[in-house]
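Student:
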Amino acid sequence: GQQVMQIPQYQHVQEGEDFTTYCNSSTTLSNIQWYKQRPGGHPVFLIQLVKSGEVKKQKRLTFQFGEAKKNSSLHITATQTTDVGTYFCASGNEKLTFGTGTRLTIIP
Amino acid sequence: GAVVSQHPSWVICKSGTSVKIECRSLDFQATTMFWYRQFPKQSLMLMATSNEGSKATYEQGVEKDKFLINHASLTLSTLTVTSAHPEDSSFYICSAVGQGEGNEQFFGPGTRLTVL
Chain U
387 GQQVMQIPQY
397 QHVQEGEDFT
407 TYCNSSTTLS
417 NIQWYKQRPG
427 GHPVFLIQLV
437 KSGEVKKQKR
447 LTFQFGEAKK
457 NSSLHITATQ
467 TTDVGTYFCA
477 SGNEKLTFGT
487 GTRLTIIP
Chain D
2 GAVVSQHPSW
12 VICKSGTSVK
22 IECRSLDFQA
32 TTMFWYRQFP
42 KQSLMLMATS
52 NEGSKATYEQ
62 GVEKDKFLIN
72 HASLTLSTLT
82 VTSAHPEDSS
92 FYICSAVGQG
102 EGNEQFFGPG
112 TRLTVL
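Structure follows, in structure tokens:
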């Protein structure tokens, strides 16, 4: 079945530093979704990318979908303590396959 | 809009008992809901797809007789963990596909099950 890997598994950054998580698949993805899960919480939808090479921004977050539609990235500029959580990529038309997640912790 | 609730939010039970978890879409109808399981510090693993009015579709390796799913209406799906054992302790999360553009899933707050 489809597998989606994410790196890094963990990332500790100083508040104000940038953060990037990468999502990779061995197969072409129809779409890529990104979710954020706060500690003890549930996943919350952030965005969906569909087109090859697509780039979308949400304030300090920048999402990219690779040209080959096999990889994606989420970049956070100038992290804040509210960015703490685990970021998951996911893909699928109805059933979602979730990536392994990147746990972000912020050092104040 | 697009709120999904789960009940209970946490449950502790003795080994061998059965536990029912409810998932409700509060302000929209969901013909399809999904049940996930998440172990500590791990990703979400899809257990099954719950279809209103028909049998659920289980992922490989998930025992359908142990995890009973009933999607009785367009706003309610239930997951019953039968004869629960300590290894079933986990965070169970349901989701439903929203009715807006795209296919974003709206997740319930999750149910933390602890089996003693």
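Protein chains in written order, with our numbering: chain U, 387 to 494; chain D, 2 to 117. Every residue, glycine too, gets a C-beta built ideally from N, C-alpha and C. Keep in mind that this is a model prediction, so the values were computed, not measured.
List the residues of chain U that residue 63/D touches, going by C-beta distances under 9 Å, in chain order.
Tutor: Within chain U, no residue comes near residue 63/D; the closest Cβ sits about 13 Å away, beyond 9 Å.
Student: Closest by CA to residue 66/D, which one among 91/D, 54/D, 16/D and 85/D?
Tutor: Closest option to residue 66/D, Cα to Cα, is 85/D.
Student: Please confirm if residue 481/U has its CB atom under 8 Å from at least one CB of chain D.
Tutor: By this cut-off, residue 481/U is an interface position.
Student: Measure from the C-beta of residue 468/U to each C-beta in chain D and report whether the shortest distance is under 8 Å.
Tutor: Not an interface residue.
Student: Does any C-beta atom of chain U lie closer than 8 Å to the C-beta of residue 47/D?
Tutor: Taking Cβ atoms only, chain U reaches closer than 8 Å to residue 47/D, which makes this a yes.
Student: Which of the three DSSP states, helix, strand or coil, is assigned to residue 105/D?
Tutor: In the structure shown, residue 105/D sits in coil (DSSP, three-state: anything other than H, G, I, E or B).
Student: Sort 93/D, 9/D, 116/D and 76/D by Cα distance to residue 28/D and report the nearest one.
Tutor: Here the closest residue by C-alpha is 76/D.
Student: Can you find the residues in the same chain that come closer than 6 Å, C-beta to C-beta, to residue 51/D, ignoring five residues on each side of it along the sequence?
Tutor: Correct list, in chain order: 34, 57, 70, 72 and 78.
Student: For the region 61 to 95 of chain D, enumerate the residues whose C-beta is nearer than 9 Å to any C-beta of chain U, in chain order.
Tutor: Listed in sequence order: 61, 92 and 94.
Student: Would you mind working out which of 481/U, 476/U and 492/U sits nearest residue 430/U, comparing C-alpha positions?
Tutor: If we check each option's Cα against that of residue 430/U, 476/U comes out closest.
Student: Under three-state DSSP, which class holds residue 23/D?
Tutor: Correct three-state label for residue 23/D: strand.
Student: Identify, in the order they occur along the chain, each residue of the same chain with its Cβ nearer than 8 Å to the Cβ of residue 393/U, setting aside the five sequence neighbours on each side.
Tutor: Taken in chain order, the residues that qualify are 407, 408, 410 and 488.
Student: Per DSSP, residue 46/D forms a beta bridge with which residues?
Tutor: DSSP lists 38/D as partners of residue 46/D.
Student: If you drop the 5 nearest sequence neighbours on each side, which residues of the same chain put their C-beta closer than 6 Å to that of residue 36/D?
Tutor: Closer than 6 Å at the Cβ level, and outside the excluded window around residue 36/D, lie 48, 49, 80 and 95.
Student: Report the CB separation of residue 405/U from residue 465/U in whole angstroms; it is logged as a contact under 8 Å.
Tutor: Yes, they are in contact, since the Cβ atoms of residue 405/U and residue 465/U sit about 5 Å apart, within 8 Å.
Student: Tell me whether residue 468/U sits in a helix, a strand or coil according to DSSP, three-state version.
Tutor: In this structure, residue 468/U counts as helix in the three-state DSSP scheme.
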